[in-house]
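No gaps in the numbering here: position 11 of the sequence shown is 337 in the working numbering, and each next residue is one more. By construction, the Cβ of each residue, glycine as well, lies at the ideal position given by its N, Cα and C atoms.
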Amino acid sequence: MAKMCEVLGVSRSGYNAWVKRPESQQKKRQEALKMQIKKIHIESRETYGSPKITKILQKQGVKDLKKRSLES
């Protein structure tokens with residue numbers, strides 16, 4: 327871990343604090359949205375693309391569907 331901290335330029339205490347930090351509300355919302363998208367895609371037998379999935383999410387009341395990366 328010491329080498330990783332050195333390469334990343336962070337202190338060991340800072341790294342340990344980051345690891346122990348609880349997941350943010352934004353991250354929780356992002357994960358929930360990702361699961362909704364996967365569910366819709368699977369239920370469509372993997373045929374719906376982003377335009378149709380976006381319309382379904384809007385009908386379900388999901389707001390703020392701006393472009394964002396859901397990778398990671």
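Valine 345: member of the alpha helix (DSSP H) spanning 338-346, first to last residue. Of the residues Lys360, Leu334 and Gly335, the one whose Cα lies closest to the Cα of valine 388 is Lys360. Contact between leucine 383 and glutamine 351 is ruled out by a C-beta separation of about 19 angstroms, above the 8 angstroms threshold. Separation of glutamate 332 and lysine 346 (C-alpha to C-alpha, rounded to the nearest whole angstrom) is 19 angstroms.
For lysine 392, there are no CB contacts under 7 angstroms within the same chain when 5 residues up- and downstream are skipped.
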